[in-house]
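Sequence order for the protein chains is A and B.
Oh and the first sequence: position 70 is 70 in our numbering, straight run, nothing missing.
Oh and the second sequence: position 176 is 176 in our numbering, straight run, nothing missing.
Cβ coordinates follow ideal geometry from the N, Cα and C atoms, glycine included.
In what follows, a single structure is set out as structure tokens and then discussed.
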Amino acid sequence: MATKVFMEALSPTMEEGRLVKWHKREGEVVKAGETLAEVETDKAIMDLVARADGVLRQVAVTEGQTVPVGNVVAVIAAPGENVDTSPAVAPVVSGSGGGRREALKDSPTVAGGGIARSAPTPVVAAPAAEAGRLRASPLAKRIAKEAGVDLQLVTGSGPGGRVVKRDLESAAGRAPAPASVPTALAPSPATGRESFRVSRLPSPERAEGAYQDVPLTQIRKTIAKRLATSLGPIPHFFLTTEVDMERAAEARDALNRQLGDRGKVSFNDVIVKATALALTKHRACNAWFQDDHIRYWNEVHIGMAVAVEDGLITPVIRHADLKALLEIGGEARDLAEKARNRRLQPSEYTGATFSVSNLGMFEIDQFTAVINPPEAGIIAVGSIAPKPVVWDGQVVPRRRMRVTMSCDHRVIDGATGAAFLKTLKEMLENPLAMLL
Amino acid sequence: MPTLTYRDALNQALREEMQRDGNVFLMGEEVGVYQGAYKVSRGLLEEFGPMRVVDTPIAELGFAGIGVGAAMAGLRPVIEFMTWNFAVLALDQIVNSAAKILYESGGQLPIPIVFRGPNGAALQLGAQHSQAWESWLSHIPGLKVVAPATPADAKGLLKAAIRDDNPVIVLEGEMLYNTKGEVPEGEYVVPIGQADVKRTGQDVTLICHSKTVSVALKAAEQLAEEGVSAEVVDLRSLRPLDEATITGSVAKTNRAVVVEEGWPHCGIGAQVVDVIQREAFDHLDAPVLRVTQADVPMPYNKQLERLAKPSPEKVVAAARRVLYLD
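Quick look at the structure:
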């Protein structure tokens, strides 16, 4: 019995994947669990693993091709098994993903009788889905909505990867919804990754022609889609405060002197920690907007915007309110490194309850950040720079930092956000207050 | 309950209605002395005489027009066509007169007329005499269209058609006339516009009418052997369509296959699919599939004719597709 290899949803929001590299060649023996190929999702490069033992056959997707989740990319057959070709391999999109998709025409045969069904009966309409669109039957969508299941996490067994009722029934049998994401896929050793170039940005040198069209990478597509669901639909408002960072800087210097070569505390670590602690005192800001309800989180998970080549991603520091500065710092560096190498697992970049975006290193005084839904708030942190301020009646130079909070007005009102920001400011201006 | 053939059930309906209402009369080719090409009018000339059982020349447009005029004048004609393939000649009277006079007279002239006769393919009658006309006729506002599949429905729907004040098309079947079934005696009227669930099931709805009801029931038997529980909905009335029964069944089973004798393009099934996608969208787990006659003139060759027609095997295959079993 041949097993189809599908393009799997390797991230919670993945709708199509680019096949970066085949690890197995057609005709090679594969074992269940072995890595078949590397796939670029909208977030990272993940391994597509074999779900059955056998011989890899009918590799239908070449390296560099992009196909929707649910499409068949190959077949694993028993040695010597004759694989029926027609319905097994779905047509694929070529190249950069901008191409037109062919309709998935099934070629039915009549059960029994061995008679080919006359062409128009029954009429089979299997139109191609829009590129990147999730395919699910109307019933499956309704069941998922009522059961609170994220359809993106369900692998569809219908034509073209359509999620149908039975997929939700089998998904319901498994424990929590996110468990159906194949997070168990272990990252493979970085073999052959040199062939993959993340960036498709135009080079700084001026090229020929009046302009250059650069196809969207998976991560750019996701950024475009997700952020368009933020600043447009979400009623943002912004609160800015200027924080005196003298004492935070002194405290950090003292800590780092004491640590010596055992580690370093960065301003970012201090800001993440203070933000997390301030959120425990202002739960109204530690919330998700969920269409018909607001989820106020008791736990604090801070999303940390990390710039990567050609995009950004927000890995999550979980339980940041309970972690020591060194722990936060260590995790932040690990996550940022993974993010830059595009090796973050989905569990590492989902589930934040609030986010921090820091552009201080770029000498930005102040900016506004776009909320990462369903979170209700994000703070944008500017650079720390000495400024003349009036202090005890004297104009003196002090290190100052501007923080701007973006609030989802459906969750956070002006005074609510301002109260949180005031607590954050107090903690940063007097780091001992974090111990209160 | 007595067991009657479909033809005798129709005969009973005609006799009872002619006994009940002196304005009801039967007209058509060979309905009198020959007692009907398919013996539906057996004994009626003897009982009701030549004024109420009228043999006509081979002139469909002419006697259909006489019927429309009689209806305008207050009678309740039943016009028999030897087959609906011949009724094409009378379409001007059916479509342009019968269906429109109530409207064009500003509601002053109802046309209580019945046009009836066998519809669809029989066996090896060739392309011109093997056609299913229901999608043509159901297209017309001003007409009602019924297509009974069983002797009981044939009796009940013909009585309802005769009593209706609008033109009603009754589609019978040459292959149905000899089929037998229990038929209630006396006053038995099936309201126009009500579908009938001929078999209950949970997994897939097979929607059919007329001869395809037996096709769907056979398919349901085969599916049951595979552990699939199919519900068979007999539309009975094609215009008006019983949307509530269709959507109610699909809401239960989440999947549907529509079976009909006609061609696929603009067929009855297309209308049923429209109802389902509109009224039961959120209940659908799969696109609705259709099993129809092949989109070609009916072949005369016996094997080709069999392949062109809807069959239980085709219905089973379509049901498996909507159940994602293939």
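Please name the residue, chosen from the options, that lies closest to residue i on a Cα-to-Cα basis.
i: I271(A); options: T222(A), S137(A), E426(A); result: E426(A)
i: E226(B); options: V183(B), K252(B), V296(B), E313(B); result: E313(B)
i: A32(A); options: V5(A), A44(A), A324(A); result: V5(A)
i: F86(B); options: S130(B), P77(B), K144(B); result: S130(B)
i: N256(A); options: G329(A), G311(A), S11(A); result: G329(A)
i: V316(B); options: L44(B), V291(B), L307(B); result: V291(B)
i: A127(B); options: E80(B), D326(B), A308(B); result: A308(B)
i: T245(B); options: C208(B), E221(B), A13(B), S214(B); result: C208(B)
i: G27(A); options: L168(A), V75(A), H293(A); result: V75(A)
i: L325(A); options: Q152(A), R162(A), R220(A), F267(A); result: F267(A)
i: D47(B); options: R15(B), L61(B), G65(B), A64(B); result: A small fix is needed here, since residue 47(B) is Glu in this sequence, not Asp. Closest option to E47(B), Cα to Cα, is R15(B).
i: V168(B); options: V258(B), I268(B), E134(B), E182(B); result: E134(B)
i: R340(A); options: G311(A), T368(A), V356(A), E327(A); result: G311(A)
i: M298(B); options: G43(B), F115(B), G120(B), I113(B); result: G120(B)
i: L137(B); options: D203(B), R76(B), L91(B), L102(B); result: L91(B)
i: N96(B); options: G142(B), G269(B), R76(B), P77(B); result: G142(B)
i: N332(B); options: P148(B), L206(B), Y6(B); result: Past the boundaries of the shown model lies residue 332(B); chain B is included only from 1 to 326, so the question cannot be answered.
i: I378(A); options: V411(A), T13(A), W391(A); result: V411(A)
i: R57(A); options: P68(A), E40(A), K24(A); result: K24(A)
i: E299(A); options: Q290(A), T62(A), G160(A), K281(A); result: K281(A)
i: K252(B); options: D282(B), G269(B), V258(B); result: D282(B)
i: V163(A); options: E8(A), H236(A), A77(A), L239(A); result: E8(A)
i: V40(B); options: Y300(B), Q303(B), M82(B), N301(B); result: M82(B)
Name the DSSP bridge partner or partners of residue i?
i: D234(B); result: D196(B), C208(B)
i: H236(A); result: D408(A)
i: M46(A); result: V39(A)
i: M304(A); result: V356(A)
i: E182(B); result: T3(B)
i: A391(A); result: It should be pointed out that residue 391(A) corresponds to Trp in this sequence rather than to Ala. Answer is Q394(A), bridged to W391(A).
i: E16(A); result: P68(A)
i: A385(A); result: R400(A)
i: I140(B); result: According to DSSP, I140(B) bridges with nothing at all.
i: P118(B); result: E172(B)
i: A77(A); result: V55(A)
i: D55(B); result: G28(B)
i: T311(A); result: Checking the sequence, you will find Gly at residue 311(A) rather than Thr. In DSSP, G311(A) forms a bridge with V308(A).
i: E246(A); result: None, per the DSSP bridge assignment.
i: P77(B); result: F25(B)
i: G377(A); result: C407(A)
With a cut-off of 8 Å on the beta carbons, I'd call residue i and residue j a contact; round off their distance for me.
i: P374(A); j: W288(A); result: 4 Å
i: L421(A); j: T275(A); result: Between T275(A) and L421(A) the Cβ distance is about 10 Å, and since that is not below 8 Å, they are no contact.
i: M401(A); j: G382(A); result: 6 Å
i: L10(B); j: E172(B); result: 7 Å
i: A249(A); j: R343(A); result: Not a contact, Cβ separation roughly 33 Å.
i: V403(A); j: V265(A); result: About 19 Å separates the two Cβ atoms, so there is no contact after all.
i: R255(B); j: V146(B); result: Rounded, the Cβ-Cβ distance is 27 Å, inconsistent with contact.
i: V232(B); j: K198(B); result: 4 Å
i: S229(B); j: Q202(B); result: 4 Å
i: E243(B); j: V288(B); result: Contact flag wrong, Cβ pair sits at about 14 Å.
i: L10(A); j: G64(A); result: Incorrect: roughly 17 Å between the Cβ atoms, too far for contact.
i: L75(B); j: F115(B); result: Not quite, the Cβ-Cβ distance comes to about 15 Å (not below 8 Å), so this is no contact.
i: L158(B); j: L139(A); result: So it is not a contact: roughly 39 Å between Cβ atoms.
Exercise for the section: Could you run through the region 260-289 of chain B and flag, in chain order, every residue whose CB is less than 7 Å away from some CB of chain A? Expected result: P264, F281, D282, H283, L284, D285, A286, P287, L289
Practice task
Using a Cβ-Cβ cut-off of less than 8 Å, give me the residues of the region 235-257 of chain B that come near chain A, in sequence order.
Solution key: Cβ contacts with chain A: N254, V257.
Practice task
Determine contact between the region 42-60 of chain A and the region 373-387 of chain A, defined as no fewer than three beta-carbon pairs at a distance below 8 Å.
Solution key: no
Practice task
May I ask you to list, following chain order, the residues of the region 141-152 of chain A that have a beta carbon less than 7 Å from some beta carbon of chain B?
Solution key: R142
Problem - the region 151-166 of chain A: positions lying closer than 9 Å to chain B by Cβ - result: S157, G158, P159, R162, V164, K165, R166
Problem - Within 7 Å of chain A by C-beta, residues of the region 34-66 of chain B in sequence order - result: Of all residues in the region 34-66 of chain B, none has a Cβ within less than 7 Å of some Cβ in chain A.
Practice task
Determine contact between the region 345-360 of chain A and the region 303-314 of chain A, defined as no fewer than three beta-carbon pairs at a distance below 8 Å.
Solution key: Between the region 345-360 of chain A and the region 303-314 of chain A, the count of Cβ pairs shorter than 8 Å is three or higher; the stretches touch.
Exercise for the section: Kindly confirm or deny that the region 214-227 of chain A and the region 316-323 of chain A touch, where touching means at least three C-beta pairs closer than 8 Å. Expected result: no
Problem - Residues of the region 151-181 of chain B with Cβ closer than 9 Å to any Cβ of chain A, in chain order - result: none
Exercise for the section: Could you tell me whether the region 98-114 of chain B touches the region 54-62 of chain B, where touching means 3 or more Cβ pairs closer than 8 Å? Expected result: no
Handout entry: Touching by the beta-carbon criterion (3+ pairs, under 8 Å), the region 216-224 of chain B and the region 183-197 of chain B
Key = Note that the region 216-224 of chain B does not touch the region 183-197 of chain B; fewer than 3 beta-carbon pairs, one per stretch, sit closer than 8 Å.
Problem - Contact residues within the region 408-433 of chain A, judged by C-beta distance below 7 Å to chain B - result: If the cut-off is 7 Å between Cβ atoms, the region 408-433 of chain A has nothing near chain B.
Handout entry: Cβ-based contacts, 8 Å cut-off: residues of the region 186-199 of chain B near chain A
Key = For the region 186-199 of chain B, the set of residues with a beta-carbon nearer than 8 Å to any beta-carbon of chain A is empty.
Exercise for the section: Using a Cβ-Cβ cut-off of less than 9 Å, list which residues of the region 336-354 of chain A approach chain B; keep chain order. Expected result: none
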